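Notes for the one structure printed next.
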Amino acid sequence: MIRLTRYWFEFDINVVDGDLPPGIAVGCGLTAVNYEDALFILQNDIFIGKQIPPVKRYIEDIDISTLESGHVLPNIMTPSVYRGVWYPQGYSFL
Numbered sequence: 335m336i337r338l339t340r341y342w343f344e345f346d347i348n349v350v351d352g353d354l355p356p357g358i359a360v361g362c363g364l365t366a367v368n369y370e371d372a373l374f375i376l377q378n379d380i381f382i383g384k385q386i387p388p389v390k391r392y393i394e395d396i397d398i399s400t401l402e403s404g405h406v407l408p409n410i411m412t413p414s415v416y417r418g419v420w421y422p423q424g425y426s427f428l
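Numbering of the sequence shown is given in this note's numbering, commencing with residue 335 and proceeding in unit increments.
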């Protein structure tokens, strides 16, 4: 069985030309095989046809209970044990 890892990404949105995909300003949570796979998911499921903004911070193996409780936690798509985007909602699992 392939081990999957949860990632949390925050982007430097101040250097972005054009519109960001919906919900990305706060950050993005996803589950992937590894960091390279996480970038693949970002590019192909969220930033389709756009350049991924510079990553300001990322956390590998994030404990989702540590994420912002007012907006992020209530809006996490569950379960986050499958490969794909779990925050923000609206981006499909592969």
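Just so you know, even glycine gets a beta-carbon here, dropped at the ideal spot from N, CA and C.
Values in this document were obtained by computation on a predicted structure and should not be read as measured data.
Between Ile380 and Tyr425, the C-beta gap is smaller than 7 Å, which places the two residues in contact. As a beta-bridge residue in DSSP terms, Tyr341 pairs with Leu364 and Glu394. Boundaries of the beta strand (DSSP E) around Tyr421: Gly418 to Tyr421.
Rounded to the nearest whole angstrom, the C-alpha separation of Thr400 and Gly418 is 20 Å. A direct Cα-Cα distance of roughly 9 Å separates Ala359 from Asp346.
Only buried fits Gly361, as 16 or more other CB atoms lie within 10 angstroms of its CB. Distance between Arg391 and Thr339, taken at the CA atoms: about 16 Å.
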